[in-house]
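Just below is one structure, and these are the notes that go with it.
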Amino acid sequence: MGVHRVLFVDHHDPRAAAFFPESIPVINVLPHRLAVRYFKNKKLDRPVVVSPDNECGERAKAFWSRFKTGNCDVGMAAIVTDHSASVALDQCVSSDSSASGDLKSEDPWCSDPSSRASEENYDAQGAALVGEVRGRDVIIVDDIVDSGHRVCRAARVCKAHGAKRVFAYAPHGVLRRSAFCAIEAAPLTEVLITNTLDLPLDADCVKIKTLNVSRLLALVLKRLHAEASAEGPREPLAELYRFESRETRQHAEQ
1 MGVHRVLFVD
11 HHDPRAAAFF
21 PESIPVINVL
31 PHRLAVRYFK
41 NKKLDRPVVV
51 SPDNECGERA
61 KAFWSRFKTG
71 NCDVGMAAIV
81 TDHSASVALD
91 QCVSSDSSAS
101 GDLKSEDPWC
111 SDPSSRASEE
121 NYDAQGAALV
131 GEVRGRDVII
141 VDDIVDSGHR
151 VCRAARVCKA
161 HGAKRVFAYA
171 PHGVLRRSAF
181 CAIEAAPLTE
191 VLITNTLDLP
201 LDADCVKIKT
211 LNVSRLLALV
221 LKRLHAEASA
231 EGPREPLAEL
241 YRFESRETRQ
251 HAEQ
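In our numbering, the protein residues as written are 1 to 254.
See the structure below:
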C-alpha cells in the first residue's frame with residue numbers, strides 16, 4: 001500500500017509491531033526524556049515514581065530508570081490492585097464515554113456523589129501500596145488517561161500513605177468527559193500529557209499540562225530521511241538530548 005516505515009509515539013502495546021510485515025520497519029518514539037526533564041526542572045522533594053496498578057509496572061520502571069540518571073535521588077513504588085474489583089469499577093464508570101454535550105453537563109461522575117463514593121470505596125478495599133511515599137513528591141506513570149479514574153485512585157492511595165505532592169504523567173490524553181471532573185476533584189497537583197491528541201475545545205482543567213512532541217517527531221523524521229537510524233549513533237543521540245533539554249525548558253518557562 002505504499003507504506004515504507006511506521007512511527008508510533010509510545011504505543012500502548014509493543015506487540016503491535018508484529019502486525020506489520022518485516023519489510024516495514026516499525027519505530028516507537030518515546031517522549032519519556034521530555035517528561036523526565038520537565039519534572040526535574042520542578043525540583044521535586046525526593047521524588048518517587050509510582051505504578052498505578054498491576055499492568056503499569058514495566059512502564060513505571062523504565063521511567064524510573066531514566067529519571068535516576070545523573071545520581072538523582074528517586075524512589076520506586078507500586079500500587080497492587082484487585083483485578084476483579086478494577087474491572088467492576090471500569091464498567092461502573094464507562095457509561096459516560098458515549099455521552100455528548102458540555103464536559104460537565106449530564107455527567108454522572110460530576111453530578112452524582114455516589115459515583116465518586118463508589119470509586120473512593122474501591123481505593124480502600126482493592127489497592128495496596130508497596131513502597132514508601134511518606135513526605136515525598138510522587139509521579140504516577142501511566143500510558144493513557146481516559147476516564148482518569150486510575151490515576152485519581154492512585155493519587156488518593158498515595159495521599160493516604162502520606163505523599164507530599166502527587167503528579168501524574170501519561171503520554172496520551174484521551175480524556176473522556178468525566179476525566180476533567182475526576183482530575184479536578186482528586187489530590188493531584190498536575191497531570192502531564194503530550195499533544196498526541198487534541199484537548200477538547202471546552203476543556204477547563206488547570207491541572208492538565210501538555211508537552212509538545214512535534215519537534216521530537218520532526219527530528220526523528222529528519223534523521224530517517226537522512227538514512228540514519230532512529231536510535232542513532234552516539235552523536236545524534238547527544239543532539240536529541242540537547243533538543244529535549246531546550247524543549248522542556250521552554251515549557252517550564254511558560
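Every residue gets a Cβ at the ideal spot worked out from N, C-alpha and C, and that includes glycine. Predicted, not measured: the structure shown is a model, and the values here were computed from it.
For the alpha helix (DSSP H) assignment, the uninterrupted runs of no fewer than 4 residues enclosed by the stretch 165 to 198 are, from N- to C-terminal side, 177 to 185. Spanning the alpha carbons of V48 and A77 requires a straight line of approximately 7 Å. Residue environment: V151 is assigned as buried (16 or more neighbouring CB atoms within 10 Å of its CB, all protein chains considered). Straight-line spacing of the CA atoms in A35 and P21 works out to 32 Å.
Residue ranges of uninterrupted alpha helix (DSSP H) with 4 or more members, entirely inside the stretch 3 to 69 and ordered along the chain, are 32 to 40, 57 to 67.
A direct Cα-to-Cα measurement between V145 and R223 gives close to 30 Å. Counting along the chain, A218 sits inside the alpha helix (DSSP H) bounded by residues 214 to 225. A contact is defined here as three or more CB-CB pairs under 8 Å, and the stretch 161 to 171 fails this definition with respect to the stretch 65 to 74. For K209, the enclosing beta strand (DSSP E) begins and ends at 208 to 211. Distances from the CA of A185 to each of P200, V220, N41, G148 were compared; the closest alpha carbon is that of G148.
When DSSP reads this structure, V151 sits in no beta bridge, so it has no partner. Taking the CA atoms as reference points, D204 sits about 18 Å from H172. Taking 8 Å as the cut-off, the beta carbon of V9 is found closer than this to the beta carbon of V213. For a cut-off of 8 Å, the C-beta gap from L211 to P31 is around 7 Å, short enough to register as a contact. Of the residues assessed, I140 falls on the buried side of the cut-off, its CB having 16 or more other CB atoms within 10 angstroms.
Straight through space, the alpha carbons of D45 and G135 are spaced by roughly 8 Å. For E132, the closest alpha carbon among the candidates I79, L219, E190 is that of I79. Taken through DSSP and simplified to helix, strand or coil, G75 comes out as strand. For V138, the enclosing beta strand (DSSP E) stretches over residues 138 to 141. Considering only F167, D202, R59, G2, the residue with the shortest C-alpha distance to K43 is F167. Distances from the alpha-carbon of I24 to those of P14, D13, R5, F39 put R5 closest. DSSP places V157 within a helical segment (H, G or I) once states are collapsed to three. N54 and L217 have their alpha carbons spaced roughly 30 Å apart.
At least 8 Å separates the beta-carbon of A182 from that of D142.
Going by C-alpha positions, T194 is about 12 Å away from Y38. When P14, R153, V130, N41 are compared, the shortest CA-CA separation from V29 is found for P14.
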